[in-house]
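Peer 1: Residue numbers for the sequence shown follow the numbering used here, so the first one is 324 and each next one is one higher.
By construction, the Cβ of each residue, glycine as well, lies at the ideal position given by its N, Cα and C atoms.
Just so it is clear, the structure is predicted and the values come from calculations on it, not from any experiment.
Supplied in C-alpha cells, the structure appears directly below.
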Amino acid sequence: MITWQVATDGPLLRLDTRLSRALVHPDRASELLADLGNIQVAVPVLVVVLVHVGRRARATGTNRWWLPPLAAAVLMALVPAIVVPLKELIARGGTPAVPPGTGYYPSGHTATAMIAYGASTLLLLPWLRTVYARRELVILCALLVAAVSFGLVRRGYHWPLDVVASWCLGTVLLASFRLFLDRFRDAPQPK
C-alpha cells in the first residue's frame, strides 16, 4: 500500500511531507545515528556474528552448522537485490534537505540495519543462556533500528514513508528467516 501511495502520489504523501517538515532538523547527532545503517557499519557486525555463531555451532557438533550463517548472509545479499530495483522503479525524489535526485524509496540504510542487526539477533538468541540476556539483545536490536530510522528522517536523508516501507520489507525478510531457523532447529539431527 505504501509503495502504491508513493508511486501514484497518493494522499499519504501529504501526511508524509507534513511529518517530514516537523521532524527534519539536520544535526551531527542525527547524522551519526543514520550512519549506523551504513553498509560499512552494519554488515561487519553481521559478519562477526556469522563467524562467532558458525564457530560455536561447529564446536558443539551441530549438523550443518554452516547453514544458519549462510542463510543470514544470503538474506543480507537480498537487501540490495530488492531495494535497488525498487529505488529505480519508483524514482522518488529526496527531501528538501538533500541534493536533487531520485532513488530515495525505500530506505536502503533502514533495510540494511534491520537485516544486519535483526539477523544477528536471531542467530545469537539460541546461544544466550538467560531470558534477561535474550530480552536485552532484542531491545538493543530494536533500539539500533529505531536510532537509524530516526536519524535518517531527522537529518532529512529520507521521508518517513521511505523508512516505514523498509520496516515492512525488513519484517517480511526477518520473519522468513525466523521460520527458516525454527525449521532448521526442529529438524532431526543425524547421529
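Taking 8 Å as the threshold (C-beta atoms), are Arg387 and Trp450 in contact?
Peer 2: Taking 8 Å as the Cβ cut-off, Trp450 and Arg387 do not qualify as a contacting pair.
Peer 1: With a CB to CB cut of under 7 Å and the five nearest residues on each side skipped, what residues in its chain are close to Trp389?
Peer 2: Here the set comprises Gly377.
Peer 1: Assuming Ile325 and Ala488 are in contact, meaning their beta carbons sit under 8 Å apart, how far apart are those beta carbons, in whole angstroms?
Peer 2: Correct: roughly 5 Å between the Cβ atoms.
Peer 1: Where do the ends of the alpha helix (DSSP H) carrying Ser430 lie?
Peer 2: Careful: Ser430 lies outside any alpha helix (DSSP H) and carries neither H nor E.
Peer 1: DSSP on Gly384, reduced to helix/strand/coil?
Peer 2: Coil.
Peer 1: Since Ala357 contacts Leu475 with CB under 8 Å, what's their CB separation in whole angstroms?
Peer 2: With 8 Å as the limit, Ala357 and Leu475 qualify as a contact, their Cβ atoms being about 5 Å apart.
Peer 1: Is it buried or exposed, Val374, if we count other Cβ atoms within 10 angstroms and call 16 or more buried?
Peer 2: So Val374 counts as exposed.
Peer 1: Mind checking who Gly416 pairs with in its DSSP beta bridge?
Peer 2: DSSP output for Gly416 lists Thr425 as bridge partner(s).
Peer 1: Would you check if the distance between the CB atom of Leu445 and the CB atom of Leu335 is smaller than 8 Å?
Peer 2: It is not a contact, given that the beta carbons lie outside the stated cut-off.
Peer 1: By DSSP, does Tyr480 sit in helix, in strand, or in coil?
Peer 2: Coil, per DSSP.
Peer 1: Using a Cβ-Cβ cut-off of 7 Å (strictly less than) and excluding sequence neighbours within five positions of Phe503, which residues of its own chain qualify?
Peer 2: If we look at Phe503 and ignore the five residues flanking it on each side, its Cβ neighbours are Ala394.
Peer 1: When the Cα atoms are used, what is the spatial distance from Ala498 to Val486?
Peer 2: For Ala498 and Val486, the distance between alpha carbons rounds to 18 Å.
Peer 1: Trp327 lies in the alpha helix (DSSP H); which residues open and close that run?
Peer 2: Its alpha helix (DSSP H) spans residues 325–330.
Peer 1: Find out if the Cβ-Cβ distance for the pair Thr435, Ala365 is shorter than 8 Å.
Peer 2: Yes, Cβ-Cβ distance for Thr435 and Ala365 is below 8 Å.
Peer 1: On a CA-only basis, which of Arg478, Ile438, Pro419 is nearest Leu467? Give me that one, please.
Peer 2: Measuring from the Cα of Leu467, the nearest candidate turns out to be Ile438.
Peer 1: My understanding is that His481 touches Tyr440, with C-beta atoms under 8 Å, so please give their C-beta distance in whole angstroms.
Peer 2: Not confirmed; about 18 Å, so no contact.
Peer 1: Put Arg508 into one of helix, strand or coil per three-state DSSP.
Peer 2: Helix at Arg508.
Peer 1: Tell me whether the beta-carbon of Ser443 lies closer than 8 Å to the beta-carbon of Leu369.
Peer 2: For Ser443 and Leu369, yes; Cβs fall inside 8 Å.
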